[in-house]
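Data block below; observations after.
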Amino acid sequence: MQAVIYERFGDESVLLIREIPTPRAATGQVQVKVDIASLNPVDFKLRSGILRMLGRPRRPAITGKDFAGEITALGQDVQGYAVGQRVFGSVDPMCGDGSCAQFVSVSTDLIAPIPDAVSDEVAACLPVASGTALQTLVDIAHLRHGQSVLITGASGAVGASAVQLARSIGARITGVCGTANVDYVRSIGADHVIDYKVAGWQYIDERFDVIFDAAASTTFSGAKARLGPNGIYVNTMPRPALFLEALMARLSSRQRCVPFLLKTNSALLERLATLAADKVIVPHISEVIGLDQVASAQRRMREGKVHGKICVRVAA
Ligand SMILES: NC(=O)c1ccc[n+]([C@@H]2O[C@H](COP(=O)([O-])OP(=O)(O)OC[C@H]3O[C@@H](n4cnc5c(N)ncnc54)[C@H](OP(=O)(O)O)[C@@H]3O)[C@@H](O)[C@H]2O)c1
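This is how it looks when you write it as structure tokens:
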């Protein structure tokens with residue numbers, strides 16, 4: 206099969222399209238013919254080697270995590286799935302697996318069925334970005350109707366899903382994004398929008414029940430003056446200093462600091478599928494590219510030149 210691989214860490218130039226063996230479905234896995242993969246910042250972070258402290262992906266590694274496609278084979282002990290069924294999910298990149306490939310073999314813990322009302326493009330956009338928003342706002346922060354939430358990176362894939370979820374919950378939303386995307390963030394449901402290129406959100410005179418720093422624009426110390434007395438701060442870039450801040454916050458106040466690390470599972474994916482079918486989450490797909498454009502797309506993502514999700518059409 207064809208796949209976009211890298212044999213060593215580095216910039217986009219290490220990505221190569223290669224013919225490699227098609228992975229077989231092991232016990233508990235299904236083999237999926239990938240129709241669409243979607244790109245996330247974690248793909249270029251893993252490829253560059255900056256996430257080495259979280260574990261080293263086996264190499265040669267295939268880039269990409271998220272996918273949607275059709276089951277082509279079942280491994281032993283797989284129940285509840287059938288060949289021909291449309292599914293979406295995320296692979297575990299630490300095993301060297303990746304979604305920018307014609308086939309993936311993946312545990313049934315990391316997939317869910319795609320509802321008829323959801324396209325493969327939309328399904329492929331959900332696992333990492335919308336999964337992060339759902340786990341943060343609902344499972345960690347327990348955001349409730351009438352509460353206030355500030356979301357940085359509100360025009361990005363994670364932040365926009367968070368704005369849409371917070372809107373469905375009935376929270377009061379302040380979104381933070383760049384000048385070009387202010388109207389978009391308002392259009393998806395933010396009550397107030399702060400343009401970070403004009404003013405830092407840390408200096409506004411307001412306190413929030415939840416601050417979801419999807420853009421990892423500050424730390425707990427930088428955010429806590431803007432948190433209510435029981436407020437919670439979630440940051441998507443879990444650095445050692447943030448874990449220390451989380452511990453200190455736990456010992457010294459009722460405010461909480463959470464360094465976030467996504468844990469994907471099939472139950473989370475099923476909830477995302479329902480939210481997409483109900484049009485609560487509507488990913489903004491900026492472009493659909495081919496495998497030969499993955500390297501240049503990762504470069505543009507790394508340079509902050511992409512608004513929304515990039516889908517990769519893998520199947521001909
Ligand atoms: N820890 C985890 O498990 C986990 C899971 C998923 C994602 N993440 C991380 O979460 C981050 C966001 O992911 P994504 O897919 O949403 O990326 P993305 O689509 O590239 O979006 C990034 C957003 O950040 C905004 N931004 C940049 N600088 C900012 C600032 N100073 N203040 C506020 N907003 C700012 C950009 O706004 P404009 O374009 O409008 O300028 C853009 O909308 C990435 O770093 C990703 O690696 C972590």
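Going by this note's numbering, the letters in the sequence shown line up with residues 206 to 521, in that order. Idealized CB from N, CA, C, for every residue including glycine.
{"Query": "Let me confirm a value: SER218 is counted as buried when at least 16 other C-beta atoms fall within 10 Å, else exposed. Which label applies?", "Result": "exposed"}
{"Query": "Hey, is LYS429 close to ligand 1, as in C-beta under 8 Å from one of its heavy atoms?", "Result": "no"}
{"Query": "Identify, in the order they occur along the chain, each residue of the same chain with its Cβ nearer than 8 Å to the Cβ of PHE413, setting aside the five sequence neighbours on each side.", "Result": "SER353, VAL354, LEU355, THR379, ARG431, LEU432, GLY433, GLY436"}
{"Query": "If the criterion is Cβ atoms closer than 9 Å, does the pair LEU473 and LEU339 meet it?", "Result": "yes"}
{"Query": "Please confirm if the stretch 391-409 is in contact with the stretch 317-326, defined as three or more CB-CB distances below 8 Å between the two stretches.", "Result": "no"}
{"Query": "Could you tell me the distance, in whole angstroms, from the CA atom of ALA481 to the CA atom of GLY260?", "Result": "32 Å"}
{"Query": "If you draw a straight line from the C-alpha of ARG213 to the C-alpha of ALA500, how long is it?", "Result": "14 Å"}
{"Query": "Quick one, which of VAL387, LEU244, PHE465 has its alpha-carbon nearest VAL398's?", "Result": "VAL387"}
{"Query": "Any heavy atom of ligand 1 within a distance shorter than 8 Å of the CB on HIS512?", "Result": "yes"}
{"Query": "Classify CYS330 as helix, strand or coil using the three-state DSSP reduction.", "Result": "helix"}
{"Query": "Quick test of your reading: ALA478 and PRO332, contact by CB under 8 Å. State the CB separation rounded to the nearest angstrom.", "Result": "Not quite, the Cβ-Cβ distance comes to about 10 Å (not below 8 Å), so this is no contact."}
{"Query": "Helix, strand or coil: which one does DSSP assign to GLY336?", "Result": "helix"}
{"Query": "Would you kindly work out how many angstroms separate the C-alpha atoms of MET206 and PHE448, rounded to a whole number?", "Result": "41 Å"}
{"Query": "Given that a residue counts as buried once 16 or more other Cβ atoms are within 10 Å of its Cβ, and exposed if not, what is SER596?", "Result": "Because the chain spans 206 through 521 in this model, residue 596 falls outside it and cannot be assessed."}
{"Query": "Hey, PRO262 and GLY301 are a contact pair by Cβ (cut 8 Å); roughly how many whole angstroms apart?", "Result": "6 Å"}
{"Query": "With LYS514 as the anchor, note down where its beta strand (DSSP E) starts and where it stops.", "Result": "514-518"}
{"Query": "Name the DSSP bridge partner or partners of PHE308?", "Result": "LYS238"}
{"Query": "Can you tell me the Cα-Cα spacing of HIS347 and GLU224, whole angstroms?", "Result": "46 Å"}
{"Query": "For the alpha helix (DSSP H) containing GLN369, name the first residue and the last one.", "Result": "362-374"}
{"Query": "By the DSSP assignment, the alpha helix (DSSP H) with PRO246 in it spans what residues?", "Result": "246-253"}
{"Query": "For SER392, which of helix, strand or coil comes out of DSSP?", "Result": "helix"}
{"Query": "Taking the beta carbon of ALA317 as the centre, do at least 16 other beta carbons fall within 10 Å, making it buried, or is it exposed?", "Result": "buried"}
{"Query": "Please confirm whether any heavy atom of ligand 1 lies closer than 8 Å to the CB of ALA395.", "Result": "no"}
{"Query": "Going by Cα to Cα distance, which pick from VAL309, CYS305, VAL368 is closest to VAL209?", "Result": "CYS305"}
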